[in-house]
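See below for the structure under consideration.
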Amino acid sequence: MKSQELVEKYVMKTYARKPLCIVSGENATCYDENGKQYIDFSSGIGVNSLGFCDDDWSAAIAKQSQTLQHTSNLYVTQPMAILAEKLCLKTGYAKVFYANSGAEANEGAIKLARKYSFDKYGAAKKRYKIISLVNSFHGRTITTLAATGQDVFHQSFHPFTEGFDYAQANNIDDLLAKLDDTVCAVMIEWIQGEGGVNPLDPEYAKALSAVCQEKDLLLIADEVQTGVGRTGQFLASQHYGIQPDITTLAKGLGGGLPIGAFLCNERLANCLQYGDHGTTFGGNPVVCAGANVVLEKVDDGLLEAVRAKEALIRETFAHTPEVMQIDGMGLMLGIQLQQKQAVTVVDECLAEGLIVLTAKDKIRLLPPLTISETELKTGLEILLNVLNQPNKE
Ligand SMILES: Cc1ncc(COP(=O)(O)O)c(C=O)c1O
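Counting from 1, position 379 in the sequence shown corresponds to residue 379 in this note's numbering; the numbering is continuous, with no gaps.
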């Protein structure tokens with residue numbers, strides 16, 4: 001049986017998969033079972049930050065898998081130690097906890113926020129509520145779904161974890177109205193990814209940060225999608241000049257292997273103690289060896305290149321009538337269309353050999369940070385042609 005048929009028969013139908021089986025790739029170029037070539041503007045939804053099979057990344061994980069693949073978190077390994085130092089030095093945070101996915105990193109961040117509040121104010125005060133934003137996306141576990149401010153994800157899975165409420169993004173009055181005595185933290189995405197590539201207003205971000213400081217609320221930034229260079233800074237928070245108390249990472253950190261992490265500042269560094277949190281695979285040596293290569297490569301030069309690529313993308317569509325607006329930063333961009341349906345554009349691009357994503361009604365571009373100029377220009381030409389074609393209906 002072909003892969004397509006095997007998946008159809010044996011895998012749960014939770015994804016609307018395209019009729020495409022990718023078999024190999026290099027940087028932002030990949031091939032299907034029939035040898036057809038595609039330019040990839042999706043990086044596996046922001047994961048393959050160094051593209052497909054970067055030589056150094058592949059070599060590092062191959063070597064690590066032949067040296068030591070797993071111990072347990074009862075012991076130290078070199079890759080996780082090196083990665084911890086790199087992450088803290090690059091971000092200015094004091095400590096990291098390793099998880100395996102974005103949802104798991106967010107779960108840990110929520111636990112950390114509640115523990116801080118309970119330790120400081122006492123469990124009797126019930127100061128445990130987390131305010132997140134309407135239209136946010138924080139993951140698929142029961143608790144991170146509770147944190148996700150979109151009802152569409154909430155059908156059929158009640159009851160959720162208690163202690164979550166949602167405030168309108170970019171509306172400080174709405175946030176203030178929701179801050180009762182039970183709130184311990186506010187959780188945000190600097191740019192809502194799944195919600196449609198919607199950046200927070202800088203003024204709102206400043207006001208939010210000030211309120212959090214004033215009321216001793218922890219600010220948790222979910223940088224699962226925006227982190228590790230995606231927006232043209234190592235962390236998207238750097239665009240806003242704000243250092244949240246906790247930042248979560250995942251997707252792009254591993255360059256294609258599963259990892260999540262939450263980082264915290266000094267005052268939270270010793271809040272979680274022995275036994276408070278754990279996960280079997282967290283800090284896995286092979287995964288961390290890959291992440292170490294990602295962190296080495298996401299340096300100032302690469303970040304500058306990401307910003308230059310953003311400028312090229314924006315220029316390309318500056319006079320395209322179908323393009324109403326481009327939202328986002330760096331290589332996390334959402335193209336708002338005038339008339340065309342984003343889902344149709346995705347299929348038309350795929351037929352022409354270009355992989356793009358949607359985010360709500362926008363076309364979402366998340367190419368590898370390392371995409372070459374030639375790959376970028378080839379892909380943009382395909383997208384431009386598709387957008388310039390008259391509507392078929
Ligand atoms: C901002 C954000 N948070 C959390 C998640 C969940 O990450 P994961 O699918 O790795 O659990 C995602 C995934 O799209 C995300 O974009």
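Ideal Cβ positions, reconstructed from N, Cα and C, are used throughout, including at glycine.
Below 9 Å between beta carbons: does that hold for residue i and residue j?
i           : j           : result
residue 409 : residue 202 : Look at the range of the chain in this structure, 1 to 393, and you will see that residue 409 is not part of it.
residue 367 : residue 373 : no
residue 191 : residue 197 : yes
residue 229 : residue 312 : no
residue 231 : residue 331 : yes
residue 262 : residue 109 : yes
residue 87  : residue 277 : no
residue 363 : residue 225 : no
residue 166 : residue 268 : no
residue 260 : residue 272 : no
residue 60  : residue 210 : no
residue 298 : residue 369 : yes
residue 133 : residue 184 : no
residue 292 : residue 79  : yes
residue 340 : residue 385 : no
residue 321 : residue 336 : no
residue 131 : residue 186 : yes
Please classify residue i as buried or exposed, where buried requires at least 16 other C-beta atoms within 10 Å of its C-beta.
i           : result
residue 309 : buried
residue 2   : exposed
residue 157 : exposed
residue 147 : buried
residue 85  : exposed
residue 214 : exposed
residue 239 : buried
residue 16  : exposed
residue 93  : buried
residue 329 : buried
residue 388 : exposed
residue 27  : buried
residue 314 : exposed
residue 99  : buried
Give the DSSP bridge partners of residue i, in chain order.
i           : result
residue 334 : 327, 364
residue 187 : 220
residue 129 : 183
residue 37  : 31
residue 263 : 96, 247
residue 199 : 191
residue 25  : 30
residue 165 : 131
Is residue i close to ligand 1? I mean its beta-carbon at under 8 Å from any heavy atom of the ligand.
i           : result
residue 140 : yes
residue 206 : no
residue 224 : yes
residue 260 : yes
residue 45  : yes
residue 101 : yes
residue 106 : yes
residue 137 : yes
residue 177 : no
residue 360 : no
residue 248 : yes
Between residue i and ligand 3, is there a pair consisting of the residue's CB and a ligand heavy atom that are separated by less than 8 Å?
i           : result
residue 251 : Looking at this structure, you won't find ligand 3 anywhere; what it does contain is ligand 1.
Review point. For the region 347-366 against the region 36-51, are there 3 or more C-beta pairs whose distance is under 8 Å?
Key: yes
Check your understanding: Touching or not, the region 133-146 and the region 114-123, by the rule of three or more beta carbon pairs under 8 Å?
Key -> no
Exercise for review: Pair every Cβ in the region 267-277 with every Cβ in the region 248-255, then say whether three or more of these pairs are closer than 8 Å.
Suggested key: no
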